[in-house]
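Here the structure is laid out as structure tokens; the discussion comes afterwards.
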Amino acid sequence: MGKYVVLAGCVPQGAPKSSFLHGLSIIGVQQIDRVVEVVEETLKGNTVKLLGTKKENGRKIGGASLLLPKVRRNPLIEIIAINTGCLNQCTYCKTKHARGDLGSYPPEEIVARAKQAFEEGVVEIWLTSEDTGTYGRDIGTSLPELLWKLVEVIPEGCRLRLGMTNPPYILEHLEEIAKIMHHPRVYGFLHVPVQSGSDQVLADMKREYCRADFEHVVEFLQKKVPGMTIATDIICGFPTETEENFEDTMALCAKYKFPSLFINQFFPRPGTPAALMTRVDPQEVKKRTKRLTELFYSYEPYGHNVGVIQDVLVTEISHDKKHYVGHNRFYEQVLIPMRSELMGKLVKVQIKSATKFSMIGEPLNEVVMPGLAKPLEKGAVSGLNTDVYLEESDNKVGLQFFS
Numbered sequence: 001m002g003k004y005v006v007l008a009g010c011v012p013q014g015a016p017k018s019s020f021l022h023g024l025s026i027i028g029v030q031q032i033d034r035v036v037e038v039v040e041e042t043l044k045g046n047t048v049k050l051l052g053t054k055k056e057n058g059r060k061i062g063g064a065s066l067l068l069p070k071v072r073r074n075p076l077i078e079i080i081a082i083n084t085g086c087l088n089q090c091t092y093c094k095t096k097h098a099r100g101d102l103g104s105y106p107p108e109e110i111v112a113r114a115k116q117a118f119e120e121g122v123v124e125i126w127l128t129s130e131d132t133g134t135y136g137r138d139i140g141t142s143l144p145e146l147l148w149k150l151v152e153v154i155p156e157g158c159r160l161r162l163g164m165t166n167p168p169y170i171l172e173h174l175e176e177i178a179k180i181m182h183h184p185r186v187y188g189f190l191h192v193p194v195q196s197g198s199d200q201v202l203a204d205m206k207r208e209y210c211r212a213d214f215e216h217v218v219e220f221l222q223k224k225v226p227g228m229t230i231a232t233d234i235i236c237g238f239p240t241e242t243e244e245n246f247e248d249t250m251a252l253c254a255k256y257k258f259p260s261l262f263i264n265q266f267f268p269r270p271g272t273p274a275a276l277m278t279r280v281d282p283q284e285v286k287k288r289t290k291r292l293t294e295l296f297y298s299y300e301p302y303g304h305n306v307g308v309i310q311d312v313l314v315t316e317i318s319h320d321k322k323h324y325v326g327h328n329r330f331y332e333q334v335l336i337p338m339r340s341e342l343m344g345k346l347v348k349v350q351i352k353s354a355t356k357f358s359m360i361g362e363p364l365n366e367v368v369m370p371g372l373a374k375p376l377e378k379g380a381v382s383g384l385n386t387d388v389y390l391e392e393s394d395n396k397v398g399l400q401f402f403s
């Protein structure tokens, strides 16, 4: 069709020699700040391959500067990557191929981005990475140290949500994480993927923890932070999973009745050890997935909140365009009537009813205006007034041209 194509992200980084990439310009996960250069060269008829790793003093760093201009999908929510890569070697996962080893952003750069976001009217910050619990291990700091620094700059009424962490790397920080989750400006929510309730399957996956470790994380945090939400993931039909192993997973999920349970069927990722293993019969995998899904839908996690008054931070519009969407202290979804004066506000809400995935509430008269400023217009560019762009000379990997 005569179109120029530039492909960016994990796919070209993880499998740069794939035949479908032939003739395309590609940008790796750490070079996204150079997309303009690549597009310009591609429009000149050049095919560009830019897959280098950003380094500082010979050590991998997080990636493109966090202070680069950006357009937020939601002007009220800022998403900050705190590190890239991981420390694990999970047998089913392709992430390591694409993201490589751990590379953490300096805490001062993360805090600077958070402060800038609040100055632009953001009321909610999400910290993300392949594994937030590993943050700082490569630069002599830790996740709790970062979180305490961030808490100091979060305005009254605004909130922070911590992203996914694997069990091995949160275990040593449980006491501090519990204290942080108690903070009124931090959601009492954590996504901790378990993947299986069977120690044998976890060992075959090379997850580097056992079921007891995961249960300790859940029980410790829920005891220290009553009401705290724990979300988790399950892989159904990993190649070595027996029926007995799957029953262990069913028992684990029945025990904790996770309000957020992400159920995935095993899929062999090319180039991973698990892709070479003999697979469980597909019909059996479907059967196990169905059973686990039925278990998940058999309980209703929010009914006990009916009649309760909660503080809800309102940030989005529901998919059906009939409600505003907010979240309470434990990042549980609350739907309220669409009244424009409530968007971006911290609202007192009385819960009137509950469904499987959310609660429906009635706003009361108490409304707090969080944040430091009016949010940017949707589609507006953030960070245009920023004077700091980190472009270290050793991070400027030369463009590679291919005919």
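Everything in the sequence shown is counted per UniProt numbering, starting at 1 for the first residue and increasing by one.
A virtual CB, placed ideally from N, CA and C, is assigned to each residue, including glycine.
If you're wondering where the values come from, they're calculated on a predicted model, not measured in any experiment.
- Spatial neighbours of Ile26 in its own chain (CB-CB distance under 6 Å, excluding positions within 5 residues in sequence) are listed in chain order as Leu7, Pro12, Lys49.
- In terms of CA proximity to Thr128, Leu160 leads the group Leu160, Lys348, Glu119, Trp148.
- The way I'd put it, the stretch 95-105 doesn't touch the stretch 216-225; fewer than three beta-carbon pairs between them come closer than 8 Å.
- Judged by DSSP secondary structure, Asn365 falls within the beta strand (DSSP E) whose first and last residues are 359-368.
- Beta-bridge partners of Cys236 (DSSP): Gln265.
- The criterion of a C-beta distance shorter than 8 Å is satisfied by Glu300 and Lys356.
- DSSP lists His327, Leu346 as the bridge partner or partners of Leu313.
- In the same chain as Leu143, and ignoring 5 residues on each side of it, the C-beta atoms closer than 7 Å to its own belong to Thr132, Gly133, Tyr135, Gly136, His173, in chain order.
- About 6 Å separates the CB atoms of Asp311 and Arg329; that is less than 8 Å, so the two are in contact.
- For Val217, the enclosing alpha helix (DSSP H) stretches over residues 211-224.
- Counting only runs that start and end inside the stretch 48-122, the beta strand (DSSP E) elements of at least 3 residues fall at 77-81.
- Under the DSSP assignment, Thr293 falls outside any beta strand (DSSP E), being part of the alpha helix (DSSP H) whose first and last residues are 282-297.
- In this structure, Ile110 is the residue among Glu124, Ile110, Glu175 with its C-alpha nearest to the C-alpha of Leu146.
- Apart from sequence neighbours up to five positions away, the residues of its chain that approach Tyr324 with a beta-carbon distance below 8 Å are Val314, Glu316, Ile317, Ser318, Leu335, Ile336, Pro337, Met338, Arg339, Leu342, Met343, ordered along the chain.
- Taken atom to atom, the span from the alpha-carbon of Met369 to that of Leu346 is near 6 Å.
- When DSSP reads this structure, Glu124 sits in a beta bridge with Ile77, Arg159.
- Here Ala117 is buried: its Cβ has 16 or more other Cβ atoms, across all protein chains shown, within 10 Å.
- Thr91 is positioned such that its CB atom lies closer than 8 Å to that of Thr272.
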